[in-house]
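The block underneath contains the structure these notes are about, expressed in C-alpha cells.
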Amino acid sequence: MFQGATILSIEQRKEDHIDLALKPENQGPLTTLLENIHFVHQPLVNMAFNDIDTSSEFLGYKLGAPIIITAITGGTRRAYEINKALAEVAEKYRIGMGVGSQRPMILNPDTLYSYKIVRKIIRSAPVIANIGIAQLAKLDIKTVEWLVEAIEADALAIHLNILQELVQLEGDRDFRGSFEAIQRIVDRIKVPIIVKEVGNGFSRECAEALYSIGVKIIDVAGAGGTNWVSIELARSRSNQSEKVFGIFKTWGLPTAISIAEVASIDNIVVIGSGGIRNGLDIAKAIALGADIVGMAQPFVKHVLEKTVDNFIETILTQLRVVMMLTQSKNIESLRRAPIVILGKLASWICARRLKLRNPNAYISCCDHYTV
Ligand SMILES: Cc1cc2nc3c(=O)[nH]c(=O)nc-3n(C[C@H](O)[C@H](O)[C@H](O)COP(=O)(O)O)c2cc1C
Numbered sequence: 001m002f003q004g005a006t007i008l009s010i011e012q013r014k015e016d017h018i019d020l021a022l023k024p025e026n027q028g029p030l031t032t033l034l035e036n037i038h039f040v041h042q043p044l045v046n047m048a049f050n051d052i053d054t055s056s057e058f059l060g061y062k063l064g065a066p067i068i069i070t071a072i073t074g075g076t077r078r079a080y081e082i083n084k085a086l087a088e089v090a091e092k093y094r095i096g097m098g099v100g101s102q103r104p105m106i107l108n109p110d111t112l113y114s115y116k117i118v119r120k121i122i123r124s125a126p127v128i129a130n131i132g133i134a135q136l137a138k139l140d141i142k143t144v145e146w147l148v149e150a151i152e153a154d155a156l157a158i159h160l161n162i163l164q165e166l167v168q169l170e171g172d173r174d175f176r177g178s179f180e181a182i183q184r185i186v187d188r189i190k191v192p193i194i195v196k197e198v199g200n201g202f203s204r205e206c207a208e209a210l211y212s213i214g215v216k217i218i219d220v221a222g223a224g225g226t227n228w229v230s231i232e233l234a235r236s237r238s239n240q241s242e243k244v245f246g247i248f249k250t251w252g253l254p255t256a257i258s259i260a261e262v263a264s265i266d267n268i269v270v271i272g273s274g275g276i277r278n279g280l281d282i283a284k285a286i287a288l289g290a291d292i293v294g295m296a297q298p299f300v301k302h303v304l305e306k307t308v309d310n311f312i313e314t315i316l317t318q319l320r321v322v323m324m325l326t327q328s329k330n331i332e333s334l335r336r337a338p339i340v341i342l343g344k345l346a347s348w349i350c351a352r353r354l355k356l357r358n359p360n361a362y363i364s365c366c367d368h369y370t371v
C-alpha cells in the first residue's frame, strides 16, 4: 500500500516536471555565460560547406554530431511515448541518449518497458542508464547492475541534485556516504560511470575527487537552462518555501564556468550541458573544452510539439555555419578555433587560474597563460 502510494506520487511528480520544464519562467534566470565567448570570424576560408564533418566519438560509437539527449524521463505511459520519440531522433541522427531516473523501475519493475524501448530503437549510438545519488547509496551492486543490463545501457549516469531535493517538500535530506557509494560501484560495474548535475553546475574540486576514484566522464549540467529551484517552487505553491528558497534560483555555476572548471583536468571527458539551446552554443561549448554537449529541455519540448526533426536540422545547420566561419573542417579543428573570452567568464577563469584546453583561447583580463 505504502509502496503503491509512493509510485503514484513519483508518477505525478514526473508529469509535473515535464509540464513545468516547458514553461519559460522555469529557465534561467542566470545565463550560461557562453555569451562571453566570441569566435574570431574568418572572412576567407578554403572549404566547402558540404565537406564539413560534425562526427565525433563517444563511448565507443561514432556519432553524427557531438550531441547527447541527457536524462529526461521514464516510468509512465507518457514517458514511454516521449522516450520512443526521442530514441527515433537519436537513432536517425546518431546522437546519444540518456533515460530518466530509473527509480520508478526499482519501485515497480512493470515500468521497465518505458525505458527498454530506447535500446530497442537505438542501435548506432550510446544509451545511458540513470539513478540519483540518494538512491544509489541505498542500492546493492546487483540492483545497480540490473538497472544497466535491463536496458542494455553503455554507461550509467549518477545524478547529483542536492539543491532540488532540498527545495522539494518530499525530497531527500541525507546525503551521507554519497562519495563512498560512487567509489563502491565504479570498479564493479562493467560500463563507464558518468556523474552529472541537473542544472547547478560542476566544480573542478568535485570533478577532481571523482576522477581520482575512476570516474572518467562528467556531465556538468550548468546553470542557465532548466531551473529546478523554480520548478520545485512552482510545484510546492508554498509561500514559506518561496521565502526560504527563492534566493536560490540564481545559485550555481553557469555552464561555461562549469565547462572551464572541469575541462581544466587533463583527460577527463566533459559533457557540456545546461542551457545549450542552439548550434552556436554547441560550438562555443566545444571550443571552450567540452568533448560533447548535452541537452534536455529543448528535446522534450520539441518532441511534444512534434517539431523535433526541424529542431535538430536547425541546430546542426547552425553548428556547420559556425564551423565554416571559423575554418573548422571537423570537430577536432573546432576545438582549436580561435576564441576570445571576455566579461565575467574571463574573470572567473583568471581568478581560478584554470588551464584551458583550446590553445587559441585569448582571455581579456590577464596574460595569456594557456598552453
Ligand atoms: C523534464 C526533465 C526531467 C529530467 N529528469 C532527469 C532525471 O530523471 N535524471 C537526471 O539525471 N536528469 C534529469 N533532468 C536533467 C537534465 O538531464 C539536464 O541535466 C538539465 O535539465 C539541464 O539541461 P537543459 O538546460 O538542457 O534542460 C531532467 C530534465 C528535464 C527537462
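Residue numbers (the working numbering): 1 to 371.
The beta-carbon is built from N, C-alpha and C at its ideal position, and this holds for glycine as well.
Using a Cβ-Cβ cutoff of less than 7 Å, which residues in the same chain neighbour residue i once the five nearest sequence positions on both sides are dropped?
i, result
"Val118", "Asn83, Ala87, Met97, Val99, Val127, Ile151"
"Val322", "Phe39, Gly279, Leu280, Ala283"
"Thr377", "Coverage of the chain is limited to positions 1 through 371, which leaves residue 377 absent and any answer about it impossible."
"Pro109", "none"
"Met1", "Note that Met1 has pLDDT 31, beneath the 50 cutoff, so the model's placement of it is unreliable and the number below is only indicative. Contacts found: none."
"Gly214", "Val186, Asp187"
"Arg336", "Asn358, Pro359, Asn360"
"Gly132", "Ser101, Arg103, His159, Asn161"
"Asn227", "Asn26, Gln27, Gly28, Gly199, Lys249"
"Ser114", "Gly74, Gly75, Thr76, Ala79, Tyr80, Asn83"
Using 10 angstroms around the beta-carbon of residue i, count the other beta-carbons present and answer buried if the total reaches 16, otherwise exposed.
i, result
"Val198", "buried"
"Glu232", "buried"
"Ala351", "exposed"
"Ile312", "buried"
"Gln102", "buried"
"His368", "Because His368 sits at a pLDDT of 48, beneath the cut-off of 50, its placement in the model cannot be relied upon, and the point is left open."
"Phe202", "buried"
"Ala48", "exposed"
"Ile247", "exposed"
"Pro104", "buried"
"Val144", "buried"
"Val244", "exposed"
"Ser258", "buried"
"Glu261", "buried"
"Lys23", "exposed"
"Arg173", "exposed"
"Lys196", "buried"
"Asn50", "exposed"
"Glu11", "buried"
"Asn310", "exposed"
Leaving out five residues before and five after residue i in sequence, what residues of the same chain have Cβ atoms less than 6 Å from its Cβ?
i, result
"Ala181", "Leu136, Ala137"
"Ala155", "Leu59, Ile128, Val191, Pro192, Ile194"
"Leu169", "Ser236"
"Asn161", "Val198"
"Leu20", "Asn26, Ile231, Ala234"
"Tyr93", "Gly64, Ile312"
"Gly171", "Glu165"
"Ile331", "Ser56, Pro66"
"Thr111", "Gly75, Pro104, Met105"
"Asp291", "Val269, Val270"
"Leu345", "Leu33, Asn36, Ala256"
"Asp16", "Arg235"
Can you round the beta-carbon distance between residue i and residue j to whole angstroms, since I take them to be within the 8 Å contact cut?
i, j, result
"Leu63", "Thr255", "Actually they are not in contact, since the Cβ atoms of Leu63 and Thr255 sit about 20 Å apart, beyond 8 Å."
"Gln318", "Gln42", "With a Cβ gap of about 17 Å, Gln318 and Gln42 do not count as contacting."
"Val45", "Met324", "6 Å"
"Ile37", "Ile339", "5 Å"
"Ile373", "Leu334", "Because the chain here runs from 1 to 371, residue 373 falls outside it and cannot be looked at."
"Ala85", "Val308", "7 Å"
"Leu30", "Gly343", "The Cβ separation is near 14 Å, so there is no contact."
"Ala296", "Ala134", "No, Ala296 and Ala134 are not in contact; Cβ-Cβ is about 20 Å, not under 8 Å."
"Ile341", "Tyr362", "7 Å"
Excluding the 5 residues flanking residue i on each side, which residues of the same chain have their C-beta closer than 8 Å to its C-beta?
i, result
"Arg184", "Ile141"
"Gly177", "Ala137"
"Ser124", "Tyr61, Glu91, Arg94"
"Val167", "Trp228, Val229, Glu232, Leu233, Ser236, Ser241, Phe245, Phe248"
"Thr314", "Asn278, Gly279"
Indicate whether at least one CB of chain C lies closer than 9 Å to the CB of residue i.
i, result
"His41", "Any reference to chain C falls outside this structure, which holds one protein chain only."
(request) Would you check if the region 53-71 and the region 282-295 touch, i.e. whether three or more CB-CB distances between them fall below 8 Å? (result) At 8 Å Cβ cutoff, the stretches touch.
(request) Evaluate contact between the region 205-224 and the region 263-281, counting only Cβ atoms and requiring at least three cross-stretch pairs below 8 Å. (result) Segments in contact, yes.
(request) Could you tell me whether the region 41-57 touches the region 74-81, where touching means 3 or more Cβ pairs closer than 8 Å? (result) Contact fails: fewer than three Cβ-Cβ distances are below 8 Å.
(message) Would you call the region 295-304 in contact with the region 232-241, where contact means no fewer than 3 C-beta pairs closer than 8 Å?
(response) Output reads no: the region 232-241 does not touch the region 295-304.
(request) Evaluate the contact criterion for the region 198-208 versus the region 258-265: three or more CB pairs, one atom per stretch, below 8 Å. (result) Under the three-pair Cβ rule at 8 Å, the region 198-208 counts as touching the region 258-265.
(request) Return the chain-ordered ranges of every alpha helix (DSSP H) run that is complete within the region 220-280 and spans a minimum of 4 residues. (result) If we require 4 residues or more, the alpha helix (DSSP H) runs fully inside the region 220-280 come out as 228-236, 239-245, 255-263.
(message) To test your reading of the DSSP string, which unbroken alpha helix (DSSP H) runs of 4 or more residues are found completely within the region 55-117?
(response) As for any alpha helix (DSSP H) of minimum length 4 sitting wholly inside the region 55-117, the runs are 77-93, 103-107, ordered along the chain.
(message) What ranges does the alpha helix (DSSP H) occupy inside the region 176-200, keeping only unbroken runs of at least 4 residues that lie completely in it?
(response) Runs of the alpha helix (DSSP H) lying entirely within the region 176-200, each at least 4 residues long, are 178-186 in chain order.
(message) My parser needs the alpha helix (DSSP H) runs of 4 or more residues fully inside the region 282-351; what are they?
(response) Counting only unbroken stretches of 4 or more residues, the alpha helix (DSSP H) elements lying wholly within the region 282-351 are 297-304, 308-325, 331-334, 343-351, in sequence order.
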